[in-house]
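Note that the sequence shown ends on residue 252 in the numbering used here; no numbers are left out. Cβ coordinates follow ideal geometry from the N, Cα and C atoms, glycine included.
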Amino acid sequence: NYSIRVNDKNKNLALEQSNVNEGVPITIEDQPVLSVDNIEDLKLFEPEFDGQKISLLGHTDAGIGGGEFYFDESDTTSIDNNGTVIVTSGGARWKRESPNLSTAEDFGFLAGSNDMTSILQNYADFASTDSKLFVLPEGIVTTDTITFNNAAGLTFKGAGAFATRIRPFTALGTTSLLKFLPQNNSSGAAITGLSINDFTIQASGYTGPLIDMSSIFDSVVMQRVRCDRFAGNALRVVRLDALRPIAYNFV
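And the structure:
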């Protein structure tokens, strides 16, 4: 007698059968892709081999922020960002396929009145350094300060000027709400190629700057952005480098 273990083309287990007699035919059928319900379940699922794939049905709630992940055995250092890289309790790295197309929902964002600051900051850190794309869905976005530490080349967009509504979690806050910085926030660096589009900030009584940019230099575009009911500055532009103009080619 023999035991048989067959993997599919993606190296997922397709068949495991013991006590197989020589000369007796066996049938291999398509097996369902392995799946987990949410991110917490994925963190508890230890992979068996490099490249193994698994389907996430939803980040927190079913149908929202799900997608396909694979095990990268060669990576032992990436930080768990709760969106595109998930680290199991055993130290394995599950990575999201097509991470550069990720949206806020892939990091656990849910529209409504709950504070989403830490979730959106995780997404902003990834967008600043990797995808250069920050996408908010339709609905209410409740957050305090979100900082983009390398805003050059970034596209920040909502679902429409009247569809995505950003509201401060701290209603009477004084700090910058959306903060865009050049790389390392250093003199000599500049923000170029920044695009900010399609959302409304509703900030009744908020005294801090709603959109705060440092050292913008070239090709910075804002379109279909509304700021309502604020008590301070809707837009603040700060110069970090005395040798450069405060803003250049700002549309």
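Item	Value
Where do the ends of the beta strand (DSSP E) carrying T118 lie?	Run containing T118: none in the beta strand (DSSP E); it sits in the alpha helix (DSSP H), T118 to F127.
What does E69 pair with, by DSSP beta-bridge criteria?	S56
Give every residue of the same chain whose Cβ lies closer than 7 Å to the Cβ of K133, excluding the five residues on either side of it in the sequence, and list them in chain order.	G154, L155 and T156
Take the Cβ of I192 as the centre, count every other Cβ of all protein chains shown within 10 Å, and call the residue buried at 16 or more, exposed below.	buried
So if DSSP puts S36 in a beta bridge, which residue, or which two residues, is it bridged to?	S56
Quick one: give me the first and last residue of the beta strand (DSSP E) that N198 is part of.	S196 to Q203
Let me know the secondary structure DSSP gives T78 once reduced to three states.	coil
Buried or exposed for N115, please, with buried defined as at least 16 other CB atoms from any protein chain shown within 10 angstroms of its CB.	exposed
Go through its chain and collect everything with a Cβ distance to F46's Cβ below 6 Å, but skip five positions before and after it.	V37
Would S215 and P183 be called neighbours here (beta carbons separated by less than 8 Å)?	yes
Please determine, among T148, R97, L179 and N83, the residue with the shortest C-alpha to C-alpha distance to F72.	R97
Run through DSSP, which three-state label would L155 get?	coil
Using only the alpha-carbon positions, how far apart do G113 and I141 sit?	5 Å
Where does A232 sit, in a helix, a strand or coil, going by DSSP?	coil
In the DSSP assignment, the beta strand (DSSP E) including L134 goes from what residue to what residue?	L134 to V136
When we look at the beta-carbon of N82 and count the other beta-carbons within 10 Å, is it buried (16 or more) or exposed?	buried
So if DSSP puts R168 in a beta bridge, which residue, or which two residues, is it bridged to?	T143
Going by DSSP in three states, T61 sits in which element: helix, strand or coil?	coil
Determine the closest residue to V221 out of I212, D229 and T89, with distance taken between C-alpha atoms.	I212
Looking at the unbroken beta strand (DSSP E) that takes in F50, where does it start and where does it end?	Unbroken run through F50: none, as it is neither H nor E.
Look at the alpha carbon of I87 and the alpha carbon of K180, and state the distance between them as a whole number of angstroms.	27 Å
What do you reckon, are the CB atoms on F200 and T165 nearer than 8 Å?	yes
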